[in-house]
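Visitor: Numbering of the sequence shown is given in the UniProt record's numbering, commencing with residue 1 and proceeding in unit increments.
Using N, Cα and C, we set each Cβ at its ideal position, and we do this for glycine too.
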Amino acid sequence: MNSDATPLRGDGAEATAADVDTSISHAKPRGRRSLLRAALAGTAVIGGGLAVGAFPADAETVSRSTRATPKPSAATRTRPSTADEALKELSKGNRRWRTLHQQHPNEGAAARKAATTGQQPFALILGCIDSRVAPELVFDQGIGDLMTVRSAGEVLDQSVLGSVKYGVLELDIPLVVVLGHQSCGAVKAAVAVDESSEELPSGIQYIADEIAPAIDHGVTGDARVAATIDANVRLVRSKLAADTDLAAKLKAGEVAIVGARYDLTTQRVHLLK
Numbered sequence: 001m002n003s004d005a006t007p008l009r010g011d012g013a014e015a016t017a018a019d020v021d022t023s024i025s026h027a028k029p030r031g032r033r034s035l036l037r038a039a040l041a042g043t044a045v046i047g048g049g050l051a052v053g054a055f056p057a058d059a060e061t062v063s064r065s066t067r068a069t070p071k072p073s074a075a076t077r078t079r080p081s082t083a084d085e086a087l088k089e090l091s092k093g094n095r096r097w098r099t100l101h102q103q104h105p106n107e108g109a110a111a112r113k114a115a116t117t118g119q120q121p122f123a124l125i126l127g128c129i130d131s132r133v134a135p136e137l138v139f140d141q142g143i144g145d146l147m148t149v150r151s152a153g154e155v156l157d158q159s160v161l162g163s164v165k166y167g168v169l170e171l172d173i174p175l176v177v178v179l180g181h182q183s184c185g186a187v188k189a190a191v192a193v194d195e196s197s198e199e200l201p202s203g204i205q206y207i208a209d210e211i212a213p214a215i216d217h218g219v220t221g222d223a224r225v226a227a228t229i230d231a232n233v234r235l236v237r238s239k240l241a242a243d244t245d246l247a248a249k250l251k252a253g254e255v256a257i258v259g260a261r262y263d264l265t266t267q268r269v270h271l272l273k
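(1) Which residues in the same chain as T228 place their Cβ atom closer than 8 angstroms to its Cβ, once the five residues preceding and following it in sequence are excluded?
(2) Of the choices Q267, V258 and H270, whose alpha-carbon is the least far from that of L126?
(3) Taking only three categories from DSSP, how would you classify I129?
(4) With 16 other CB atoms within 10 Å as the buried threshold, where does T148 fall?
(5) Do you know offhand how far D21's Cα is from L250's?
(6) Given this structure, state the Cα-to-Cα distance separating D245 from K165, to the nearest angstrom.
(7) Using the beta-carbon count (16 or more within 10 Å), is residue 275 buried or exposed?
(8) Are the stretch 101-112 and the stretch 78-87 touching, with three or more C-beta to C-beta distances below 8 angstroms?
(9) Measure from the alpha carbon of Q141 to the alpha carbon of each residue in E195, C128 and F122, then state which is nearest.
(10) Tell me the rounded alpha-carbon separation between A44 and D222.
(11) Are the beta-carbon atoms of L271 and R234 separated by less than 8 angstroms?
(12) What residue range does the beta strand (DSSP E) around A256 cover?
(13) Between the alpha carbons of residue 274 and L175, how many angstroms are there, rounded?
(14) For my contact list, R98 and Q267 are in at a C-beta cut-off of 8 angstroms; report their separation, rounded to the angstrom.
(15) Just to check my reading of the structure: R261 and H181 have Cβ atoms closer than 8 angstroms, yes? What is that Cβ distance to the nearest angstrom?
(16) I'd like to check one pair, E170 with N232: are the Cβ atoms closer than 8 angstroms?
(17) Measuring CA to CA, which of G185, D145 and S196 is closest to A226?
(18) Tell me where the alpha helix (DSSP H) around L235 begins and ends.
(19) Cutting at 6 angstroms between CB atoms, please list the residues of its own chain near Q119, excluding the five before and the five after it.
(20) Helix, strand or coil for R95? Go by DSSP, reduced to three states.
(21) Which residue or residues does DSSP assign as beta-bridge partners of R150?
(22) Please classify L179: does DSSP put it in a helix, a strand, or coil?
(23) Measure the alpha-carbon distance for D230 versus T220 and round it to whole angstroms.
(24) Check the DSSP bridge columns for V269 and list the partner residues they point to.
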């Protein structure tokens, strides 16, 4: 499960100055509507040099990763049955996605017909509702491959927890990935509220309150948002691991729960330690 790829320089290693959003760290307190709009706008945030690992298959050379690979048929495609196999498959899919060599597996007539009799997803992705981070696209997977649970900022309420547990306990999914992402509007809103003491509409305030414990007060500005995105993923991952039923599955080696971040600027998914 450990990565052998070189660390990334930071969220915005390939971004330009125009990508930086300084509205949170320098703006004066505003009304809750303007504050919310600014936080959820989705401007790319340049991180503070966070060193994280890339997915396992990213250790391959760039020249090899950009080669077009033949699309496997539904009949010959082997479905991962362990967490390690699932993680490698997600890594390969993410590499195809970011190099524009998507295979769009399991989308044909045979796969659709097979899906009518049941499902056997090999991974569960707990991700954000952000429209730019669709797991099936980011990991280049098809019908029946992934179970996806999405909430703003990956916030873990009882409904979300129950959905994750259903996938693990009832469908025996071997891998759960808590997937945060660069420039998360929910995290930006939580940081903005923490800094300004403004109040958001009740349902959205709940999301900010759930993220608040992950806010990194050791850094400021864009670095605070970037650090909090990763810290929030780790917080959600620890909450999942603390659940009695999931903890039993973890102890038995029947499931793995990992944290990851998707970078909008590079389209790459990185594992978080």
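Guide: In brief:
(1) V187, A190, V191, I211, A214, I215 and D216
(2) Closest by alpha carbon: V258.
(3) coil
(4) buried
(5) The predicted position of D21 is uncertain, since its pLDDT is 32 and thus under 50; no value can be drawn from it.
(6) Cα-Cα distance, rounded: 8 angstroms.
(7) There is simply no residue 275 to check, as the chain begins at 1 and stops at 273 in what is shown.
(8) No, because fewer than three Cβ pairs between the stretch 101-112 and the stretch 78-87 fall closer than 8 angstroms, the two stretches do not touch.
(9) Nearest C-alpha to Q141: F122.
(10) Summary for A44: the model assigns pLDDT 34, below 50, so the residue's position carries little reliability; its value from the coordinates is reported in the next sentence. Their backbone Cα atoms lie some 10 angstroms apart in a straight line.
(11) Result no, Cβ atoms of L271 and R234 do not sit closer than 8 angstroms.
(12) A256 to Y262
(13) Past the edges of the chain, shown from 1 to 273, lies residue 274, and the structure says nothing about it.
(14) 4 angstroms
(15) 6 angstroms
(16) no
(17) Selection G185, D145 and S196 evaluated against A226 yields G185 as nearest (Cα-Cα).
(18) G221 to A242
(19) Excluding sequence neighbours, Q119 sits near G144.
(20) helix
(21) G127
(22) Note: L179 maps to strand in three-state DSSP.
(23) 15 angstroms
(24) Y262
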